[in-house]
Amino acid sequence: MVQFTKYFLRLQNYFYENNPSSNSSCTSSPAKWCIDGYDGYKFCIQNPTLLPLCILALLIGLFCSKCISKLAGKFPSRWFYYLAFFLYGIMMTSAGILHCFIGDRQTNEDSSENIRLFIVIIDVSLTTCIAVTFLFCGLCDIQFLNPQSICTRCLLLSSYFILFLLWTLAVINEWNHIIYALYVGVISICCFVYLITQLCIKSNRHALLALFMSGIYASIGLIAESFGAEYICKSEGPFWSQYFGPEFIWCLFADIISEVIPNDSCLVFFVHQKINYENIARLIVRFMLEKLLEDNREKSSVLLESLIEVNESNLRDTVKTTISYGVAYHHSGLTDDGHVELGLASSLNNHLTTSLINMNLENPLHLLYITVLSDLPNMTIGFRQLVDRRLLYEQAEDLRDQAVEVVENIE
25 MVQFTKYFLR LQNYFYENNP SSNSSCTSSP AKWCIDGYDG YKFCIQNPTL LPLCILALLI
85 GLFCSKCISK LAGKFPSRWF YYLAFFLYGI MMTSAGILHC FIGDRQTNED SSENIRLFIV
145 IIDVSLTTCI AVTFLFCGLC DIQFLNPQSI CTRCLLLSSY FILFLLWTLA VINEWNHIIY
205 ALYVGVISIC CFVYLITQLC IKSNRHALLA LFMSGIYASI GLIAESFGAE YICKSEGPFW
265 SQYFGPEFIW CLFADIISEV IPNDSCLVFF VHQKINYENI ARLIVRFMLE KLLEDNREKS
325 SVLLESLIEV NESNLRDTVK TTISYGVAYH HSGLTDDGHV ELGLASSLNN HLTTSLINMN
385 LENPLHLLYI TVLSDLPNMT IGFRQLVDRR LLYEQAEDLR DQAVEVVENI E
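Per the numbering used here, residue 25 is the first one in the sequence shown, and the count goes up by one each step.
Take a look at the structure:
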């Protein structure tokens, strides 16, 4: 989870004019860049180094939500993941506005104070709501909740309303214990439960390293902001701490987390050379489950023996490796009889191939197309049999919208 702002753990001091300790090494006022305008008006940007990080985080949230919404195949939790990253983009926008434009504590107008207070409530509420959304994502992934049920979505929206109400009361009434519970407690519990749910999904264990590294980065950012702020400011000095203080470090690590965590991304490629086909075949089997070796051992061994026989024992090492997983590729150095064997295997849904192999074209279009990738681990692949070039061109529009997603949320 990405956290951004400094004063969440010291919220009451910021808004109720309780000055920080005079012994602190951190500067009492952030860096500020101002531009003189007409009629004596000044446009100021506070914490200028945080602004690009806010923009980057906003772009990450919007880009990820867009990619998730366009993922092909069966993805029951799509709406919840989309909502989580969309809320993340909104949260980072509010954080950027708060820290860089309206967070000047020297402005004492009641209207400005009310606006700042409102933005703070929106920001912290969205932060907690994102954690709760990931909790729902995990529970839907393990089918504890039905992601298609209206009741599940209503329950999530109701939790948003309750969190917003609790944050509003806690900030206005300075309920410090409630603030800590909502921020540290709710986020920690939700993220922990989400991690446990991913551990329950065997196919997601390959992403544990990324989740572990993300946790380390988040911990570094949280420690730097909460407990190491004094040390960081003292080490950097009064000047540099204005620009690269604890808040900047937290934001930087937060953006790194967003890039590290895999978000059901897919690989899209267009190939036309033999070496590309080989490399992509190796890439596919690299991310496939070891269980497929056992499940397809008998079928693969029969097919492999047949291929060795029809190719007179002249079979590439890459082919021997990929066939064991049930993957074949074009330009693999097979004879015509070898292509027939692969075509038969693919028609029986025993092996993953391309329709180009089935057509046995010498000069195929620069397109590798595989369908029903959501069933990849079970090897229940459906194949689109393209019979000639004319049909390829007729279906080009559909292929452009759907095609070439090679590794999609391998489960």
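Glycine included, every Cβ here is placed at the ideal spot set by N, Cα and C. Predicted, not measured: the structure shown is a model, and the values here were computed from it.
In the DSSP assignment, what are the bridge partners of residue i?
i	result
Cys161	Partner(s): none; Cys161 has no beta bridge.
How far does the alpha helix (DSSP H) with residue i in it extend, from its first residue to its last?
i	result
Tyr11	This structure leaves residue 11 out entirely; the chain is present only between 25 and 435.
Ile174	174-196
Val208	No alpha helix (DSSP H) holds Val208; DSSP gives it neither H nor E.
Leu107	102-124
Confirm, please, whether the CB-CB distance from residue j to residue i is below 8 Å.
i	j	result
Ile154	Leu181	no
Cys161	Ser101	yes
Leu187	Thr152	yes
Leu206	Ala194	yes
Leu190	Ile202	yes
Leu75	Ile69	yes
Leu150	Ile196	no
Leu159	Cys214	yes
Which whole-angstrom value describes the C-beta separation of residue i and residue j, a residue pair presumed to lie in contact below a C-beta threshold of 8 Å?
i	j	result
Ile92	Phe109	7 Å
Cys175	Cys124	Contact doesn't hold; Cβ gap of about 40 Å is too wide.
Could one say the Cβ of residue i lies closer than 8 Å to chain D's Cβ atoms, at least one of them?
i	result
Phe160	Of the chains in the structure shown, none is chain D; there is only one protein chain.
Could you say if the stretch 140-155 and the stretch 100-119 meet the contact criterion of at least three C-beta pairs nearer than 8 Å? Segments in contact, yes.
Given 8 Å, three or more beta-carbon pairs between the stretch 215-224 and the stretch 169-180: Contact fails: fewer than three Cβ-Cβ distances are below 8 Å.
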